[in-house]
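Below: one structure, written as structure tokens.
There are 2 protein chains.
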Amino acid sequence: LSAEVSDTVLRQAADFRDRALEDSDAYRLVERLAVEVGPRFAGTEGDRNAVAWAVETMRAIGFDTVRTQSVRVPRWERGTLEARVVTPYPQPLVALALGGSVGTPESGITAPVVRVETLADLEELPESDVAGRIVFIDSMTRRSRDATGYVETRPSRSQGPAAASRKGAVAAVVRSVGTSTSRLAHTGGTYFPKDVTPIPSAALSPADADMLATQVRTGETVQLHLKMSSRSLPDAVSANVVGEIRGTRAADEIVLLGAHLDSWDVGTGAVDDGTGVAIVLEAARLIISSRQRPERTIRVVLFANEEFGLTGARAYAEAAAAEEARHVLGMESDLGGGRVWRLDSGVGESGLDTVAVIAGLTASVGAPAGNNKASGGADLKYLREAGMPILAPRHDASRYFDVHHTIADTLDKVNAFELRQSVAVFLTAAWVAANTTTDFGRFPDARRETP
Amino acid sequence: LSAEVSDTVLRQAADFRDRALEDSDAYRLVERLAVEVGPRFAGTEGDRNAVAWAVETMRAIGFDTVRTQSVRVPRWERGTLEARVVTPYPQPLVALALGGSVGTPESGITAPVVRVETLADLEELPESDVAGRIVFIDSMTRRSRDATGYVETRPSRSQGPAAASRKGAVAAVVRSVGTSTSRLAHTGGTYFPKDVTPIPSAALSPADADMLATQVRTGETVQLHLKMSSRSLPDAVSANVVGEIRGTRAADEIVLLGAHLDSWDVGTGAVDDGTGVAIVLEAARLIISSRQRPERTIRVVLFANEEFGLTGARAYAEAAAAEEARHVLGMESDLGGGRVWRLDSGVGESGLDTVAVIAGLTASVGAPAGNNKASGGADLKYLREAGMPILAPRHDASRYFDVHHTIADTLDKVNAFELRQSVAVFLTAAWVAANTTTDFGRFPDARRETP
Chain A
1 LSAEVSDTVL RQAADFRDRA LEDSDAYRLV ERLAVEVGPR FAGTEGDRNA VAWAVETMRA
61 IGFDTVRTQS VRVPRWERGT LEARVVTPYP QPLVALALGG SVGTPESGIT APVVRVETLA
121 DLEELPESDV AGRIVFIDSM TRRSRDATGY VETRPSRSQG PAAASRKGAV AAVVRSVGTS
181 TSRLAHTGGT YFPKDVTPIP SAALSPADAD MLATQVRTGE TVQLHLKMSS RSLPDAVSAN
241 VVGEIRGTRA ADEIVLLGAH LDSWDVGTGA VDDGTGVAIV LEAARLIISS RQRPERTIRV
301 VLFANEEFGL TGARAYAEAA AAEEARHVLG MESDLGGGRV WRLDSGVGES GLDTVAVIAG
361 LTASVGAPAG NNKASGGADL KYLREAGMPI LAPRHDASRY FDVHHTIADT LDKVNAFELR
421 QSVAVFLTAA WVAANTTTDF GRFPDARRET P
Chain B
1 LSAEVSDTVL RQAADFRDRA LEDSDAYRLV ERLAVEVGPR FAGTEGDRNA VAWAVETMRA
61 IGFDTVRTQS VRVPRWERGT LEARVVTPYP QPLVALALGG SVGTPESGIT APVVRVETLA
121 DLEELPESDV AGRIVFIDSM TRRSRDATGY VETRPSRSQG PAAASRKGAV AAVVRSVGTS
181 TSRLAHTGGT YFPKDVTPIP SAALSPADAD MLATQVRTGE TVQLHLKMSS RSLPDAVSAN
241 VVGEIRGTRA ADEIVLLGAH LDSWDVGTGA VDDGTGVAIV LEAARLIISS RQRPERTIRV
301 VLFANEEFGL TGARAYAEAA AAEEARHVLG MESDLGGGRV WRLDSGVGES GLDTVAVIAG
361 LTASVGAPAG NNKASGGADL KYLREAGMPI LAPRHDASRY FDVHHTIADT LDKVNAFELR
421 QSVAVFLTAA WVAANTTTDF GRFPDARRET P
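Protein sequence lines correspond, in order, to chains A and B. Sequence positions in the first sequence follow the numbering used here and run 1 to 451. Sequence positions in the second sequence follow the numbering used here and run 1 to 451.
This is the structure we're talking about:
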């Protein structure tokens with residue numbers, strides 16, 4: 001074991017781990033957030049309620065300081081949506097507007113469909129096959145423990161509508177980027193660069209994508225009707241909520257625990273990212289209630305607006321760059337509340353021994369050492385670009401994309417026992433990292449963002 | 001073995017069974033009905049399309065006669081629904097109007113909630129606890145292979161709102177009678193006797209019922225807002241669709257295979273009752289394409305409007321009472337396309353030996369003999385009340401109530417392999433029953449209707 005982690009700290013960390021596994025109650029926090037606040041899309045009343053809830057909850061937990069950091073967020077309103085097949089076989093479709101979509105004219109749009117299986121196939125179509133049509137991108141998302149299935153198909157949603165617009169499409173529908181086997185559509189952000197005309201864009205439930213594909217296979221002209229009132233509004237103000245347990249020896253060295261407070265508008269955000277919020281708050285609560293104090297500062301950040309453009313993460317990183325304090329290590333929970341099955345990292349050479357010590361402690365609860373190729377979550381993007389090293393507990397995401405970004409992101413999907421294990425891993429890691437002199441170095445290099 | 005079933009018929013039936021298991025393609029029929037017709041609630045355009053589809057499909061299969069039988073059906077329109085918690089924690093609710101519900105005033109209804117766990121608990125509440133409130137019946141449906149979980153809680157939906165109205169409630173919401181673990185509400189019929197004032201009535205998704213119950217447990221006054229535009233319209237005309245394979249020896253002795261053609265408006269009716277329609281049509285198709293002819297007449301009846309009052313079944317039974325022909329045995333498939341795990345019956349003493357012969361043949365595909373206490377399906381209600389004996393292949397309903405009466409009743413829930421096994425059982429039974437002189441007697445006595 002590394003001399004940089006004392007026997008006392010090892011014993012304390014093991015005690016915290018075991019206590020978290022037996023006694024932690026992150027479930028109660030998720031329940032409160034899901035029931036008392038519910039949907040909290042950036043800039044809405046729910047978002048403001050969530051900020052108030054977080055401040056009050058952090059104060060009750062007893063952080064040394066609790067503060068909000070103002071964040072300007074874009075405002076988008078879902079409005080109403082009606083989608084149906086007009087020919088050859090009329091059927092209503094279950095669909096959700098994609099975040100960032102514009103609306104249709106009030107009378108709607110009726111146009112023939114052109115179906116592609118991938119974004120790459122769309123890129124190869126001549127404009128004459130696309131212009132005036134509704135592009136249907138029918139990429140099927142693979143179930144995976146590590147979210148790679150989602151990472152593969154996400155561009156069909158985030159970039160597909162813009163690619164369709166570039167070729168003259170009048171609208172775009174994409175097979176939901178998700179693994180739901182119910183008839184649920186999965187929303188999520190789609191982005192139109194400045195030089196691209198935004199078009200109405202929606203996700204179809206997997207069952208409806210199947211049905212539409214079957215109609216296309218008949219060889220008949222398939223026409224869709226889409227009517228949407230989605231629109232953008234002037235920017236609003238939201239906030240990151242930041243709570244600190246001040247370090248005794250090196251208060252200006254920060255171990256960051258992050259999650260995002262906002263959610264999509266359609267579910268209650270119990271899973272995305274209620275579980276993450278609860279895990280990091282509960283880890284901090286167990287430290288505070290133990291009356292032991294870390295040597296470095298442990299800072300919990302509940303980020304604003306992860307879902308629709310990472311504006312909270314950007315505002316936080318900009319402020320952090322101007323701070324005296326230095327972020328020595330960052331961790332984020334934003335992949336649901338499934339068991340942590342591996343502990344990856346993205347640290348410099350000087351940090352590897354202490355990461356191994358942490359993984360030695362978490363291996364006994366099912367989270368053994370992984371690799372040093374992790375890049376952390378979305379809200380750490382700007383901090384790691386600035387060099388912050390990261391530790392990445394991997395939640396099991398096998399079932400996460402069944403509910404992610406759907407109306408079914410509700411409390412019944414949260415497993416209290418699995419949350420305890422996640423709290424044990426985050427707490428163990430945070431305690432060791434905050435009670436060592438280890439320099440975790442710099443984030444190795446620019447890597448692709450993980451969800 | 002009974003002398004009433006010849007060795008030749010036994011061999012033919014075993015051949016049909018094996019061929020159905022290997023080669024039958026009921027899936028293709030479900031797919032066509034779900035994709036080409038989709039939702040077909042009684043009296044709608046979808047319903048008329050379904051009747052046309054069934055006539056065309058039966059003609060293509062080659063029935064000796066195909067006819068429609070006009071049925072007057074009640075018309076109910078779902079309209080729009082908005083449901084939300086107003087206090088203490090505002091949240092939107094996922095809900096579906098119950099069939100037969102009236103609408104609210106245009107401004108909606110806002111009222112405090114009174115929660116009961118069962119219909120029996122509601123009956124015991126004093127009127128003063130109910131008057132002016134919205135009754136919330138929170139009965140949880142048990143998953144079961146044989147549908148008994150559904151049978152237990154169904155009255156909370158079908159009779160609960162009327163019971164609430166009798167005590168002065170202004171509206172009723174019920175936990176969905178179903179086992180979905182997604183955020184889906186289950187619709188279904190609710191009935192107001194003539195002396196009871198109809199009130200707005202809706203089903204909450206299980207996740208929303210959980211959330212509402214949690215809010216009630218805070219002890220604060222929980223107020224709901226409901227806005228619905230559901231309404232009844234003048235009766236419309238639909239049709240039973242009837243196809244016959246004429247018997248060679250005893251054409252006026254009928255073996256009936258039934259399923260219902262209509263569906264609720266919210267899904268595509270792939271499972272309820274697309275699977276049943278496909279199973280009975282495919283069984284008939286295999287007989288017709290074999291060029292063998294039954295001694296008794298095999299009649300396939302696709303009933304109109306099972307879902308909202310059994311008016312097709314009633315019209316059929318009334319016409320049957322006036323016919324020369326006699327129904328010697330009836331079977332129905334209306335519990336999804338799951339494997340048949342047992343063969344029950346409701347026949348007279350004289351029929352028991354031949355039922356045992358049939359079960360001897362189906363046991364090898366997983367459907368052994370059961371008991372003689374079955375009552376058959378809903379569409380056989382009036383025929384069995386008139387004495388028609390029945391055979392009841394039991395579909396495995398473990399997952400049926402996950403999608404029954406929801407938007408998620410779609411093609412992806414249908415398992416082609418399981419359908420083949422169901423076709424094998426129905427076909428085997430029909431062939432033996434139609435090629436024996438067995439008198440199956442009369443349906444033993446009045447029994448409670450099964451779903």
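Note that CB positions come from ideal geometry on N, CA and C, so glycine has one too. Small disclaimer: the values here were computed from a predicted structure and weren't measured.
Going by C-alpha positions, Thr-68 (chain B) is about 16 Å away from Leu-257 (chain B). Leu-352 (chain B) sits in a helix when the DSSP states are folded into three classes. In this structure, Arg-175 (chain B) sits near Pro-206 (chain B), with a CB-CB distance shorter than 9 Å. In this structure, DSSP gives Ala-322 (chain A) a helical state, which the three-state scheme calls helix. Residue state for Trp-264 (chain A) is assigned as coil, using DSSP reduced to three classes.
Sequence-distant partners of Glu-307 (chain A) (beyond 5 residues in either direction) whose C-beta falls short of 6 Å from its own C-beta, in its chain, are Asp-262 and Trp-264. Contact note: Gln-91 (chain A) reaches chain B through Val-35, Gly-38, Pro-39 and Thr-268, using a C-beta cutoff of 8 Å and chain order. Val-35 (chain B) and Ala-317 (chain B) have their C-alpha atoms roughly 31 Å apart.
If you compare the alpha carbons of A:Leu-419, A:Val-73 and A:Ala-54 with that of Gly-338 (chain A), the shortest gap goes to A:Leu-419. By the neighbour-count criterion, in which 16 or more other beta carbons inside 10 Å mark a residue as buried, Lys-381 (chain B) falls on the buried side.
Within the DSSP secondary-structure output, Trp-76 (chain A) pairs in a beta bridge with A:Ser-232. The C-beta of Asp-272 (chain A) has 16 or more other C-beta atoms within 10 Å across all chains shown, which makes the residue buried. At a cut-off of 9 Å, the C-beta of Leu-256 (chain A) has no neighbouring C-beta in chain B. Proximity of Arg-183 (chain B) to chain A, defined by a Cβ-Cβ separation below 9 Å, is satisfied.
Each residue's CA atom was taken as its position, placing Gly-351 (chain B) and Gln-292 (chain B) some 24 Å apart. The beta carbon of Leu-411 (chain A) sits closer than 9 Å to some beta carbon of chain B. Excluding sequence positions up to five before and after Val-73 (chain B), its CB lies within less than 6 Å of the CB of Ala-42, Gly-43, Ala-236, Ser-238, Asn-305 and Thr-311, all in the same chain and listed in chain order. In the three-state reduction of the DSSP assignment, Thr-187 (chain A) falls in the coil class, being assigned neither a helical nor a strand state. Judged by beta-carbon spacing, Glu-282 (chain A) lies within the 9 Å limit of Val-423 (chain A), meaning their Cβ atoms are closer than that value. Within 10 angstroms of the beta-carbon of Gly-387 (chain A) lie fewer than 16 other beta-carbons, which makes it exposed.
Ser-205, Pro-206, Ala-207, Asp-208, Asp-210, Met-211, Thr-214 and Gln-215: these are the residues of the segment 190–217 of chain A whose beta carbon lies less than 9 Å from some beta carbon of chain B, given in chain order. Under the DSSP definition of a beta bridge, Ile-279 (chain A) lacks any partner.
From the beta-carbon of Glu-77 (chain A), no residue of chain B is found nearer than 9 Å; the closest lies around 14 Å away. The beta carbons of Pro-389 (chain A) and Leu-427 (chain A) sit no closer together than 9 Å. Beta-bridge annotation (DSSP): Lys-227 (chain A) is paired with A:Glu-82.
Cβ neighbours of Ala-50 (chain B) within its own chain (closer than 6 Å, five residues either side excluded): Val-37, Arg-40 and Leu-261. When C-beta atoms of the segment 108–117 of chain A are compared with those of the segment 218–234 of chain A, three or more pairs fall below 8 Å, so the two segments count as touching.
By the neighbour-count criterion, in which 16 or more other beta carbons inside 10 Å mark a residue as buried, Ala-120 (chain B) falls on the exposed side.
Closer than 9 Å to the CB of Thr-406 (chain B) there is at least one CB belonging to chain A. If the five residues before and after Asp-439 (chain A) are omitted, its C-beta is found closer than 6 Å to the C-beta atoms of Ser-350, all from its own chain and listed in chain order.
For Phe-303 (chain A), the uninterrupted beta strand (DSSP E) segment begins and ends at 296–303. For Val-102 (chain B), no Cβ of chain A is located within less than 9 Å of the residue's own Cβ. Judged by DSSP in its simplified three-state form, Ile-61 (chain B) adopts helix. For the options B:Ala-259, B:Val-196 and B:Asp-47, the alpha carbon positioned closest to that of Val-102 (chain B) is the one of B:Val-196. Under the 8 Å Cβ criterion, the segment 390–404 of chain B counts as touching the segment 332–346 of chain B, having at least three qualifying pairs.
Taking 9 Å as the CB threshold, Val-55 (chain A) stays off the interface with chain B.
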